[in-house]
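Numbering (the working numbering), first residue to last: 329 to 501.
Yeah, the Cβ is synthetic: ideal placement off N, Cα and C, and Gly gets one too.
Since the structure is predicted, the reported quantities are computational estimates derived from the model, not experimental observations.
Accompanying notes for the structure given below.
Have a look at this one:
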């Protein structure tokens, strides 16, 4: 069964390569006969608002009517704008402050890490927080790129969690 699937995949790739090669090949004009007809097709846009008629008159009455196609202008929105950078930067900054205050408190012997999943070492906390912040920023970026209205939710939850950690760290200083 495995050999059959490998053979099928190989044949599919070979046929795809041949068809791509055939489409990109050119025919010199010396091989085209003078009596041959070349055809071209034009597809009309689906929206009638994108077609405007020329001022030459009614195209049903005129044999030389002309249409022009108006290209819609799409403006891409910036994903990493100032709001995105502010919220995700605040999340990163509060996480760094939370780690610093927690490490200071642990070194002084006045407290311990409250999250049972989070390691107590500096390297462990930085590694776990870096992964969480990276994933949160990635999710936020993807949601904002898809124009989803809740793109800010993931970093805001992180801001709240790390703000609670900063407040706790300041109280046990």
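Host alpha helix (DSSP H) of residue 431 (start-end): 410 to 436
Output yes or no for whether 7 Å exceeds the beta carbon distance between residue 419 and residue 486. yes
Simplified DSSP assignment, three categories, for residue 501: coil
Simplified DSSP assignment, three categories, for residue 475: coil
For residue 475, count neighbouring C-beta atoms within 10 Å of its own C-beta (all shown protein chains included) and say buried if the count is 16 or more, exposed if not. exposed
Take residue 350 and list the residues in its own chain whose beta-carbon comes closer than 8 Å to its own, dropping the five residues that flank it on each side. For residue 350, the predicted model reports a pLDDT of 49, less than 50, meaning its position is unreliable; a value from the coordinates is still stated below. Taken in chain order, the list of residues that qualify is empty.
Our contact map puts residue 440 next to residue 448 with C-beta atoms below 8 Å; I'd like the distance itself, whole angstroms only. 7 Å
Spatial distance of residue 425 from residue 401 (CA atoms): 45 Å
Alpha-carbon spacing of residue 498 relative to residue 403, whole angstroms: 46 Å
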